[in-house]
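Per my numbering, the very first residue in the sequence shown carries number 61; after that it's consecutive.
Each residue gets a CB set at the ideal place from its N, CA and C atoms; glycine is no exception.
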Amino acid sequence: MTKKRKAARRPQAGVRELRDRLKTAEETLRAIRAGEVDAIVVARARGEHVITLAGAELAYRILFDQMNEGAVTLTRDGTIAYCNRRFADIVRTPLARVIGAPLRRFVPPAEQPAFDALVAAGHRENRRADTTFRAEGGALVPVSVSIAPLQLEGSGDVIGVIGVVTDISERERAEELRNRLIQQAVTAQEEERRRIARELHDEAGQSLTALLVGLRTIEESRTITEAAELAQRLRAIAAQTLDEVGRLSRGLHPGILDEVGLPAAVTRHVQEFAQRHGVAVDLRIEGLDSEVLPPALQATVYRVLQEALTNVAKHAGARSVRVRLVRDKATVELRVQDDGAGFDPAAGAELAVGDRHFGLQVMRERAALLGGSVKVESRPGAGTTITAHFPVRRA
Ligand SMILES: Nc1ncnc2c1ncn2[C@@H]1O[C@H](COP(=O)(O)OP(=O)(O)OP(=O)(O)O)[C@@H](O)[C@H]1O
Ligand SMILES: [Mg+2]
């Protein structure tokens with residue numbers, strides 16, 4: 061009875077075992093194809109036998125697998141026979157799915173004819189070109205591709221091509237940003253001139269006209285008391301004009317720095333800001349009483365402060381701002397902290413590339429020129445803190 065039941069179960073157990081072995085075999089095959097296996101250990105009656113896949117080429121394979129560039133070998137018909145992990149990363153596709161696929165699958169249709177020509181030429185000689193790959197999910201990745209014939213040692217037969225693929229999106233982004241910054245610098249200069257022309261016309265021009273009209277009325281005044289009264293009013297207008305022109309010229313070049321030094325210039329700018337925008341500013345300056353910083357450093361700190369406060373006025377809707385300028389052992393730190401609307405700095409970084417928002421970027425560039433750095437901390441609803449650090453070299 062027992063014997064019979066056992067016999068009946070045996071075929072089923074056999075199928076299961078076979079299925080398991082098939083699964084193991086498939087997994088092993090996949091791992092070999094994906095380059096995850098260096099050697100296979102086979103159990104034999106006379107002990108274990110090791111079959112090395114990479115053998116003496118292991119060192120080359122490690123180099124190939126771990127290099128920072130994508131590498132592929134193509135068969136004559138353009139099928140990917142092997143590729144390294146970096147290549148799979150670039151096209152954002154699992155390695156196992158890349159191997160065996162035609163390389164042109166990762167090239168957008170519009171670029172395919174040029175790409176086919178490149179690969180065809182690569183069967184004869186070394187070629188290099190910049191093109192675009194389409195990663196899984198549709199993202200476009202700018203790449204530089206270098207292709208060369210793949211020949212077996214000893215025979216002149218070309219059995220395919222080898223390609224080295226470099227992801228150049230970082231380089232392209234940096235280049236685009238640089239071009240935009242240059243363009244922005246040129247437009248900014250033009251806009252600055254327009255603004256000065258407008259302010260000269262609207263503010264100083266208006267005040268001078270008022271002065272002229274007033275002076276003519278003085279000429280015509282009948283009594284000395286009347287003339288004196290008018291003269292007093294005109295003096296107020298003249299004083300205001302002087303202020304306006306002063307503000308304009310400080311905006312052009314913070315000559316105030318040369319005259320009164322950084323702490324006084326910062327104090328004046330902060331006071332003016334508070335008055336113009338009705339924002340309470342708490343200012344503290346430490347450790348700069350007896351020292352004059354190098355002119356370039358003074359100008360940069362001043363410009364960073366100007367941009368940070370302009371941003372507060374433009375975007376934050378803050379009620380109060382804390383400004384700290386602290387000279388420490390080897391650094392100067394400027395911190396501008398507002399309690400306004402805040403924003404998402406990560407989204408801001410993308411803005412800088414696509415749109416005309418360059419203030420923060422220029423701030424960073426200015427700081428970097430002096431070996432310094434700018435940190436932007438912000439969250440929607442939680443205010444914004446800009447912290448700039450500058451190293452101070454002894455003069
Ligand atoms: N203090 C702040 N409070 C709230 N949002 C801010 C603040 N500072 C910057 N931002 C946000 O970050 C973005 C980028 O600022 P950035 O100074 O680079 O450009 P911008 O001020 O818009 O233009 P630009 O400075 O080129 O005239 C702003 O558009 C704004 O959305
Ligand atoms: Mg700005």
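Just to confirm my understanding: we take Ser204, look at its own chain, exclude 5 residues before and 5 after, and list those with CB closer than 6 Å. What are they?
The residues Asp190, Thr226 and Ile228, in chain order, have a CB closer than 6 Å to that of Ser204 in the same chain once the five nearest residues on each side in sequence are set aside.
Can Ala376 be considered in contact with ligand 1, in the sense that its beta carbon sits closer than 6 Å to one or more heavy atoms?
yes
Considering just the uninterrupted stretch of the beta strand (DSSP E) at Val203, what are its terminal residues?
Leu200 to Gln211
At which residues does the alpha helix (DSSP H) containing Phe240 begin and terminate?
The residue you asked about is not Phe; residue 240 is Arg in the sequence shown. Arg240 -> alpha helix (DSSP H) spans Ser229 to Glu259.
Can you tell me whether Arg387 is helix, strand or coil according to DSSP?
For Arg387, the three-state secondary structure derived from DSSP is strand.
Helix or strand or just coil, what does DSSP make of Val151?
Val151 falls in the coil class under three-state DSSP.
If you measure from each CB to the nearest heavy atom of ligand 2 and keep those under 6 Å, what residues do you get, in chain order?
Glu367, Thr370, Asn371 and Gly419
In chain order, what residues of the same chain have a beta carbon less than 8 Å from the beta carbon of His361, not counting five sequence neighbours either side?
One detail in the question is off: residue 361 reads as Val in this sequence, not His. Here the set comprises Leu322, Val326, Leu353, Leu385, Val392, Leu394, Ala448 and Phe450.
Assign Leu429 to one of two classes, buried (16 or more other C-beta atoms within 10 Å of its C-beta) or exposed (fewer than that).
Under this definition Leu429 is an exposed residue.
Have a look at Leu237 and Ala248 and give me their C-alpha separation to the nearest angstrom.
15 Å
On a Cα-Cα basis, can you pick out the residue from Gln300, Leu155 and Ala141 that is closest to Gly223?
Ala141
Contact between the segment 118–134 and the segment 144–152 is defined here as three or more beta-carbon pairs at a separation below 8 Å; is this criterion met?
Judged by Cβ distances under 8 Å, the segment 118–134 makes contact with the segment 144–152, as three or more pairs qualify.
Go ahead and label Val436 buried or exposed: buried means 16 or more other beta carbons lie within 10 angstroms of its beta carbon, across all protein chains shown.
Buried.
What does the Cβ neighbour count give for Arg187, buried or exposed, with the cut at 16 atoms within 10 Å?
The C-beta of Arg187 has 16 or more other C-beta atoms within 10 Å across all chains shown, which makes the residue buried.
Can you check DSSP and say which residues form a bridge with Ile345?
Leu385
If I measure Cβ to Cβ from Thr445 and keep anything under 6 Å in the same chain, skipping five residues before and after, which residues do I get?
Closer than 6 Å at the Cβ level, and outside the excluded window around Thr445, lie Gln397 and Glu437.
What is the residue span of the beta strand (DSSP E) that Val436 lies within?
Ser433 to Ser438
Where does Asp398 sit, in a helix, a strand or coil, going by DSSP?
strand
So which of Leu275, Pro169, Glu250 and His183 has the shortest CA-CA distance to Leu210?
Proximity to Leu210 across Leu275, Pro169, Glu250 and His183 peaks at His183, based on C-alpha coordinates.
Give me the Cα-Cα distance between Lys374 and Glu259, rounded to the nearest whole angstrom.
19 Å
Does the Cβ-Cβ distance between Val381 and Val434 come in under 7 Å?
no
With a 10 Å radius around its C-beta and 16 neighbouring C-beta atoms as the bar for buried, classify Asn371 as buried or exposed.
buried
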